[in-house]
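Letter by letter, the sequence shown follows residues 39 to 750 in this note's numbering.
Below is one structure, written out as structure tokens; comments come after it.
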Amino acid sequence: VTHRDGPLLVVAGAGSGKTRVVTRRVAYLIEQGVSPHAILAITFTNKAAGEMKERVASLVGPVARRMWVATFHSACSRILRREAEHLGMKSAFTIYDQADAVRLADYVRRDLNLDPKRYPPRQLHGRISALKNELVLPEAYADSAMTPPERTLAKVYTEYQRRLLDANAVDFDDLLVLTVRLFREHPDVLARWQQRFTHVLVDEFQDTNLAQWELVQMLAEQHRNLLVVGDTDQCLFPGTLVTMGDRSTRPIETIEVGDEVLSDYGSGDFRPAPVVRAHASRTFDGVTITLASGRTLTSTPDHVHFAGYVPGHTPQQHMVYLMWKEGVGFRIGSSRTDTDGRPKSVIGPVQRCQQEHGDALWIVAGHPTEGEARWHEALLSARYGIPTLPFVARTTASTRRLVGNRDLLDARVADLPTEKRGRRLLDDVGLSFDYPHHVPATGTAAASGRVRRRLSVVLCGDRRGRSTMHRIALVGDDDEGRGALESVGLSVRPARKGSAGWRYETANADMAVIAETVERIRGVLDVNVRCVARLAANEGESAVTDSLPFLPAASVRPGMVMVVDDGSFDVVTAVERIGVDSPVYDIDVAQTHNFVANGIVTHNSIYKFRGADYRNLMRFEEAFPDATIIVLDQNYRSTQRILDAANAVIANNAARKPKHLWTEQVGGELLTRYQAEDEHDEASFVAGEITRLTDTEGQRFGDVAVFYRTNA
Numbered sequence: 039v040t041h042r043d044g045p046l047l048v049v050a051g052a053g054s055g056k057t058r059v060v061t062r063r064v065a066y067l068i069e070q071g072v073s074p075h076a077i078l079a080i081t082f083t084n085k086a087a088g089e090m091k092e093r094v095a096s097l098v099g100p101v102a103r104r105m106w107v108a109t110f111h112s113a114c115s116r117i118l119r120r121e122a123e124h125l126g127m128k129s130a131f132t133i134y135d136q137a138d139a140v141r142l143a144d145y146v147r148r149d150l151n152l153d154p155k156r157y158p159p160r161q162l163h164g165r166i167s168a169l170k171n172e173l174v175l176p177e178a179y180a181d182s183a184m185t186p187p188e189r190t191l192a193k194v195y196t197e198y199q200r201r202l203l204d205a206n207a208v209d210f211d212d213l214l215v216l217t218v219r220l221f222r223e224h225p226d227v228l229a230r231w232q233q234r235f236t237h238v239l240v241d242e243f244q245d246t247n248l249a250q251w252e253l254v255q256m257l258a259e260q261h262r263n264l265l266v267v268g269d270t271d272q273c274l275f276p277g278t279l280v281t282m283g284d285r286s287t288r289p290i291e292t293i294e295v296g297d298e299v300l301s302d303y304g305s306g307d308f309r310p311a312p313v314v315r316a317h318a319s320r321t322f323d324g325v326t327i328t329l330a331s332g333r334t335l336t337s338t339p340d341h342v343h344f345a346g347y348v349p350g351h352t353p354q355q356h357m358v359y360l361m362w363k364e365g366v367g368f369r370i371g372s373s374r375t376d377t378d379g380r381p382k383s384v385i386g387p388v389q390r391c392q393q394e395h396g397d398a399l400w401i402v403a404g405h406p407t408e409g410e411a412r413w414h415e416a417l418l419s420a421r422y423g424i425p426t427l428p429f430v431a432r433t434t435a436s437t438r439r440l441v442g443n444r445d446l447l448d449a450r451v452a453d454l455p456t457e458k459r460g461r462r463l464l465d466d467v468g469l470s471f472d473y474p475h476h477v478p479a480t481g482t483a484a485a486s487g488r489v490r491r492r493l494s495v496v497l498c499g500d501r502r503g504r505s506t507m508h509r510i511a512l513v514g515d516d517d518e519g520r521g522a523l524e525s526v527g528l529s530v531r532p533a534r535k536g537s538a539g540w541r542y543e544t545a546n547a548d549m550a551v552i553a554e555t556v557e558r559i560r561g562v563l564d565v566n567v568r569c570v571a572r573l574a575a576n577e578g579e580s581a582v583t584d585s586l587p588f589l590p591a592a593s594v595r596p597g598m599v600m601v602v603d604d605g606s607f608d609v610v611t612a613v614e615r616i617g618v619d620s621p622v623y624d625i626d627v628a629q630t631h632n633f634v635a636n637g638i639v640t641h642n643s644i645y646k647f648r649g650a651d652y653r654n655l656m657r658f659e660e661a662f663p664d665a666t667i668i669v670l671d672q673n674y675r676s677t678q679r680i681l682d683a684a685n686a687v688i689a690n691n692a693a694r695k696p697k698h699l700w701t702e703q704v705g706g707e708l709l710t711r712y713q714a715e716d717e718h719d720e721a722s723f724v725a726g727e728i729t730r731l732t733d734t735e736g737q738r739f740g741d742v743a744v745f746y747r748t749n750a
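Here it is in structure tokens:
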């Protein structure tokens, strides 16, 4: 936050305060005398930009209104409208939305007499969008086109762009491409904007594409005061054994583009699949997952795995959970894995979430006995100030009791602001608000009438012979949702025969097409995207329909199941956070986007929506080799013995606010306390300990830290 000048890269995991870094730094710069006019802060959504501006305003006051807090597209739109004449455009150009752009691509397809089945307009537009994100202009693509499909796409791209120019219009991708072109072709214009923005800050940098990186680099080139904040890499550690297409294994660091690895094409159908990209980075944090079979896999905390609770496979345990409801906040509770009184087995906390119309659920911990779970529930409630009362009055309880009195339960909502407290609890236990363990299906809240929409994306969710396809589905019963989807060219059909509800569903072998569809839907509807993978093999004559959610390693919990290399479920028995300084590796597998690592099926985390380019973090370090790099992560979590000792010492400080440090990592090495006679004896003891550690235990001097407190 207080870093004054020069490039700065902040690497942080989910839930570690990335956005807070940007807002606090903006406030700090203004307090230090930097003009708000000279600050450009970039986010990815208009909502995030608005929230950031509000947060900065709460810190520095109305002066925050004069700064630029914008998305890439809105910032570029403002620049282009001021500089349009340099590109031969009129400042009143029209911006085509997604539906307009797809419609234009369809007009071009029709006029070029192309088969709509072979060249669907949405796919044509998706290909054009991908080229623009890579800053490939029509002329350059036409020159490099070799195959008939490439030459056809070049014709479509060229004509598509010509018609945009004739209409004095641009699409969303043009906003970025044309701004980069403007700065490249008119250095005087670039210099003027470089002089304007002395500080550039970018949130969620890992989601940027090449065009966005070029734009950021050019704007920050003069003053070099660039702050980028991004997620930690999602990768596996060296020595991880990847199963190859011939069932042999090789360390992940030796895998190259073109190699064939074993991949799950869906429902336990394992076959070779080609590697199309390989990536290496470095991390300071790791998570080791151990399964009941003895298989283990260590990855970075944000590496995405396939893991979840499956009735009939998840062992019985007593779970402590955190539930969230929009407009209400958080609550803590506990429940068994399997509940009584249900004709079909169901995970207990999931049932509670359904009964109380919750919007998201996280499993904080599992315990062998009800007593331990109840104790943990009460401890968390007291520590974080989060209630254990249900969101909805229980019909089985008397209205004389609090849990059965709806009026009293509703009244407590206004008295207990739990949003910040719940998110702090998630951060403290290594969970992410963006990755709940359960989200409910689409529905309408009875009390508020609020429509809750879950957009399901299923990796390997549709089989067509030996080919695998990925499925996307959204259901509803409202005219607003139906109309919104139809407005962007999506075909909606009845949910079932005779039903008033509707369903949108499609499948595609290319995950990029699925991702493009997700972004189109996000543009017109507020949806909760839920990604799962259908990878487990069928059991006997019955098909296994249980799909496992995409979960970062830090969110995996004991009792969940994962799919192993024979297509069966294997139960997670332990999850351990470790501190380590190590290179890490990942690969991208064509079409299936999964591979087998140490016998466990895992996701290739390079792949992301929005055309993000994972190489931008490396490009930043290459462009600014003198950059300061700060890692915000819980790299070396203490054991409980260390925290107990710290709590005992801190408790003697009467001036401090009450705080109790805790961890899920019990035990640890015993602490040694030495009572010295005087400062000379103390120094002699410390020197002797260092000698013992280096001479007899093989430790390096750099492995030893000495902390000394003085009142001088």
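Backbone N, C-alpha and C fix where the C-beta goes; we use that ideal spot for every residue, glycine too.
Because the structure is a prediction, the values reported are computed rather than measured.
Notebook entry, point to check: By Cβ distance below 8 Å, which residues in the same chain neighbour N84 in space, the five residues on each side in sequence not counted?
Noted result: T109, S112
Note to self: Considering only their Cβ atoms, is the gap separating V140 from I156 smaller than 7 Å?
What the structure shows: The question names Ile, yet the displayed sequence has Arg at residue 156. Contact flag unset, no.
Next item on the list: Locate the alpha helix (DSSP H) running through K85, then write down its first and last residues.
Entry: Where K85 is concerned, the enclosing alpha helix (DSSP H) stretches over 84-98.
Check: At what residue ranges does the stretch 349-391 contain a whole run of the beta strand (DSSP E), taking only runs of 3 or more?
Finding: 356-363, 367-374
Margin query: Considering only their Cβ atoms, is the gap separating V48 from V267 smaller than 7 Å?
Written below: yes
Checklist line | Segment limits, beta strand (DSSP E) that includes E294 | finding: Where E294 is concerned, there is no enclosing beta strand (DSSP E), because DSSP gives it neither an H nor an E.
Check: Hey, how far is the Cα of D307 from the Cα of A665?
Finding: 46 Å
Next item on the list: Quick one: which unbroken beta strand (DSSP E) runs of 3-plus residues sit fully inside the stretch 259-286? Chain order, please.
Entry: 264-269, 279-281
Checklist line | alpha helix (DSSP H) segments (min. 4 residues) lying fully within the stretch 108-149 | finding: DSSP assignment within the stretch 108-149 yields the following whole alpha helix (DSSP H) runs of 4 residues or more, N-terminal first: 110-121, 136-149.
Notebook entry, point to check: Taking the continuous alpha helix (DSSP H) assigned at Y422, which residues delimit it?
Noted result: 408-422
Next item on the list: Counting only the same chain and skipping the five closest in sequence on each side, list residues whose C-beta sits under 8 Å from that of D626.
Entry: V313, V314, R315, A316, H317, N642, I644, Y645
Notebook entry, point to check: Out of R58, N654, F344, which has the shortest C-alpha to C-alpha gap to V590?
Noted result: Here the sequence assigns Pro to residue 590, which means Val is not the residue at that position. Of R58, N654, F344, the residue nearest in Cα terms is F344.
Next item on the list: Enumerate in chain order the residues of its own chain whose CB-to-CB distance from R62 is below 7 Å, with the five nearest sequence positions on each side excluded.
Entry: V39
Notebook entry, point to check: Of all the beta strand (DSSP E) runs that stay within the bounds of the stretch 564-644, which reach a length of 3 or more residues?
Noted result: 566-571, 586-590, 599-601, 607-627, 632-635, 638-641
Notebook entry, point to check: Run through DSSP, which three-state label would T321 get?
Noted result: strand
Notebook entry, point to check: Looking at the structure shown, is L220 part of a helix, part of a strand, or coil, going by DSSP?
Noted result: helix
Next item on the list: Please state if the CB of L399 and the CB of S593 are separated by a distance shorter than 7 Å.
Entry: no
Next item on the list: Note the first and the last residue of the continuous beta strand (DSSP E) segment covering M507.
Entry: 505-514
Next item on the list: Could you tell me which of T338, P339, D397, E410 sits nearest to S373, measuring between CA atoms?
Entry: E410
Notebook entry, point to check: Taking all protein chains shown into account, do 16 or more other C-beta atoms lie within 10 angstroms of the C-beta of H75, making it buried, or fewer, making it exposed?
Noted result: exposed
Item checked: With 16 other Cβ atoms within 10 Å as the buried cut-off, status of R490 -> Buried is the call here.
Margin query: Looking only at its chain, what residues have a beta carbon closer than 6 Å to the beta carbon of R534, apart from the 5 residues adjacent to it on each side?
Written below: none
Next item on the list: Could you please give the first and the last residue of the uninterrupted beta strand (DSSP E) stretch that includes A398?
Entry: 398-405
Notebook entry, point to check: With which residues is P339 paired in a DSSP beta bridge?
Noted result: Beta-bridge pairing links P339 to no other residue.
Note to self: Buried or exposed, going by whether 16 or more other CB atoms sit within 10 Å of the CB of F588?
What the structure shows: buried
Check: Are the stretch 241-251 and the stretch 81-99 in contact at 8 Å, needing three or more beta carbon pairs?
Finding: A contact between stretches requires three or more CB pairs, one per stretch, nearer than 8 Å, and the stretch 241-251 meets this requirement with the stretch 81-99.
Check: Along the chain, where does the alpha helix (DSSP H) that runs through G460 open and close?
Finding: 457-466 is the extent of the alpha helix (DSSP H) around G460.
Check: Quick one: what does DSSP say Y157 is sitting in, helix, strand or coil?
Finding: coil
Notebook entry, point to check: Under the three-state reduction of DSSP, which class applies to G346: helix, strand or coil?
Noted result: strand
Note to self: Counting beta carbon pairs with one atom in the stretch 552-569 and one in the stretch 511-523, are three or more of them shorter than 8 Å?
What the structure shows: yes
Next item on the list: Assign D209 to one of two classes, buried (16 or more other C-beta atoms within 10 Å of its C-beta) or exposed (fewer than that).
Entry: buried
Checklist line | E727, enclosing beta strand (DSSP E) - first and last residue | finding: E727 -> not in any beta strand (DSSP E); alpha helix (DSSP H) instead, spanning 717-734.
Next item on the list: Taking 8 Å as the threshold, find out whether the stretch 355-375 comes into contact with the stretch 405-420 through three or more Cβ pairs.
Entry: yes
Margin query: Helix, strand or coil, according to DSSP, for D741 in the structure here?
Written below: helix
Next item on the list: Output yes or no for whether 7 Å exceeds the beta carbon distance between L162 and A143.
Entry: yes
Item checked: Sequence-distant residues of its chain with Cβ nearer than 6 Å to R189 (five each side left out) -> A183
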